[in-house]
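Chemist: This is the structure, below, for whatever I ask next.
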Amino acid sequence: MELHLKKRIVGAWLTVTAVLVVAPIVLDGSRTQVLLESAAPAKPETEAWATQEYERQVRRDVEELASGAAAEEIAMPPVKAVDRDDAAPQGVPADRTSLDADKVPYAWTLQVGAFSKRDNAHRFRDLLRHDGFKAYVQEFPDEGITRVYVGPELRRADAEKAQQTLMQRDDIQAAYLRRYLAES
């Protein structure tokens, strides 16, 4: 017999054997739902007062959201547009990180652009990221503009170095250094 024919006969024999062994297990159906025993107790009944208290709390939360009080609590502080660098704080060396009186670290960011079209701002941010800068955007719907920033940097000297690098680019007319305050 040829080798090719022998291989086909052995393969057919293995296939038939596998089907004869597996088919009764699959077609039997008794092994499909094997329930595991559990020692966990049944869920206790919820008292009526608990459900009513939960519903009252949900109602209070919804009314608070509707009143606008929650929105006032989480409102972002106004961010100013800058036309000059923020001054360095007294007694804080530019090559070190430091904390202010409220124990918030000084961090510095660079405002490198403001766009009336959101897509242009995002495109510019992506270009800066592609060139290795940490860039982000911030939208100001009241003013109708989206600003592009580079940073933040914890050391003012690092931010000033990035400012010098950015000012050498043709697509940036100004890069203003300002103190970065986190939104949260």
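For the sequence shown, UniProt numbering assigns the number 1 to the initial residue and increments by one for each residue that follows.
From the three backbone atoms N, C-alpha and C, an ideal C-beta is built for every residue, glycine too.
In terms of alpha-carbon separation, which member of Tyr-136, Leu-127 and Arg-123 lies closest to Ala-182?
Modeler: Ranking the options by Cα distance to Ala-182, first place goes to Tyr-136.
Chemist: For Trp-49, which of Gln-57, Ala-42 and Lys-43 has the nearest alpha-carbon?
Modeler: The candidate whose alpha carbon is nearest that of Trp-49 is Gln-57.
Chemist: Please name the residue in Glu-2, Leu-166 and Ala-157 whose C-alpha comes closest to that of Val-112.
Modeler: Of the candidates Glu-2, Leu-166 and Ala-157, the one whose C-alpha sits nearest the C-alpha of Val-112 is Leu-166.
Chemist: For Glu-139, write down the residues that DSSP places opposite it in a beta bridge.
Modeler: In DSSP, Glu-139 forms a bridge with Thr-146.
Chemist: What residue from Ala-42, Glu-47, Ser-116 and Pro-152 has the CA that sits closest to Glu-143's CA?
Modeler: Ranking the options by Cα distance to Glu-143, first place goes to Ser-116.
Chemist: Which of helix, strand or coil does DSSP assign to Tyr-54?
Modeler: Helix.
Chemist: Identify which residue in Ala-69, Gly-151, Ala-66 and Glu-63 has its Cα closest to the Cα of Tyr-180.
Modeler: The residue with the shortest Cα to Cα distance from Tyr-180 is Gly-151.
Chemist: For Phe-115, which of helix, strand or coil comes out of DSSP?
Modeler: Looking at Phe-115 - three-state DSSP - the assignment turns out to be strand.
Chemist: Would you kindly work out how many angstroms separate the C-alpha atoms of Leu-20 and Thr-46, rounded to a whole number?
Modeler: Rounded to the nearest angstrom, the two C-alpha atoms are 53 angstroms apart.
Chemist: Could you tell me which residues DSSP puts in a beta bridge with Tyr-176?
Modeler: Its beta-bridge partners are Gln-111.
Chemist: Rounded to the nearest angstrom, how far is the Cβ of Arg-178 from that of Thr-97, given a contact under 8 angstroms?
Modeler: Wrong, their Cβ atoms sit about 17 angstroms apart, outside the cutoff.
Chemist: Where does Ser-184 fall in DSSP's three states?
Modeler: Confidence is the limiting factor: at Ser-184 the pLDDT is only 49, short of 50, which leaves the residue's position unreliable, though a coordinate-based value still follows. Here Ser-184 sits in coil by DSSP.
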